[in-house]
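For reference, the structure discussed in these notes is given below.
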Amino acid sequence: MLLHTEAIEADAQKVPPKLERCVIVVDEALPPGKASNAAAVVAFTLGQRHSRLVGAPLVERDGTAHPGLIPIGIPVMKASALQLSELRRKSLAQCDVVDFPVQGQATTDYAMFLEAVEAHAGESLQYLAVGLVGPRNRVSKLVGGFSLFA
1 MLLHTEAIEA DAQKVPPKLE RCVIVVDEAL PPGKASNAAA VVAFTLGQRH SRLVGAPLVE
61 RDGTAHPGLI PIGIPVMKAS ALQLSELRRK SLAQCDVVDF PVQGQATTDY AMFLEAVEAH
121 AGESLQYLAV GLVGPRNRVS KLVGGFSLFA
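Each residue of the sequence shown is one higher than the last, beginning at 1 in the UniProt record's numbering.
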């Protein structure tokens, strides 16, 4: 499900959050519930991998605190299944990529998910969603042709 590139992560640590972009692209054929699930799975993992992108806690006047949120936003866009695979392939060398294979919604527990993914090799996996974090200009160029998921 994840591809971690140490060099990209090291570079990302040097880039101020305002110069980065975070985007999630989901399969346009998914119904809203499954698309929301796919985006949530990817977002959760992106947050774990890029915790520096989470802003300071939000505090009300009376002192009530709320967890910090991502200040750069996360547009959720749509693409065809073929476009998702192509986006993932093109993005690997340019930014951090979190992908969510179709097996994630076709299995009922993580052990089954691991086995289902392990049965594939190379580029044979298909994806429900792909999340990107990287330099704003690179990520914008990669997703420039996609529309918002509505």
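By construction, the Cβ of each residue, glycine as well, lies at the ideal position given by its N, Cα and C atoms. Note that the structure is a prediction, hence the values are computed from the model and not measured.
Per DSSP, residue 115 is not a residue of any beta strand (DSSP E); the alpha helix (DSSP H) it occupies stretches across 110-118.
Cα atoms of residue 113 and residue 47: separation of roughly 21 Å, rounded to the nearest angstrom. Distance from the CA atom of residue 105 to the CA atom of residue 61, rounded to whole angstroms, is 42 Å.
DSSP places residue 100 in the uninterrupted beta strand (DSSP E) bounded by 96-101. Taking all protein chains shown into account, residue 145 has fewer than 16 neighbouring C-beta atoms within 10 Å of its C-beta and is therefore exposed.
Per DSSP, residue 21 is one residue of the beta strand (DSSP E) stretching across 20-27. A distance below 8 Å between beta-carbons, with the five flanking residues on each side excluded, links residue 69 to the following residues of its chain, in chain order: 54, 55, 58. In the structure shown, residue 54 falls within a coil segment according to DSSP collapsed to helix, strand and coil. Counting only the Cα atoms, residue 101 lies some 11 Å from residue 27.
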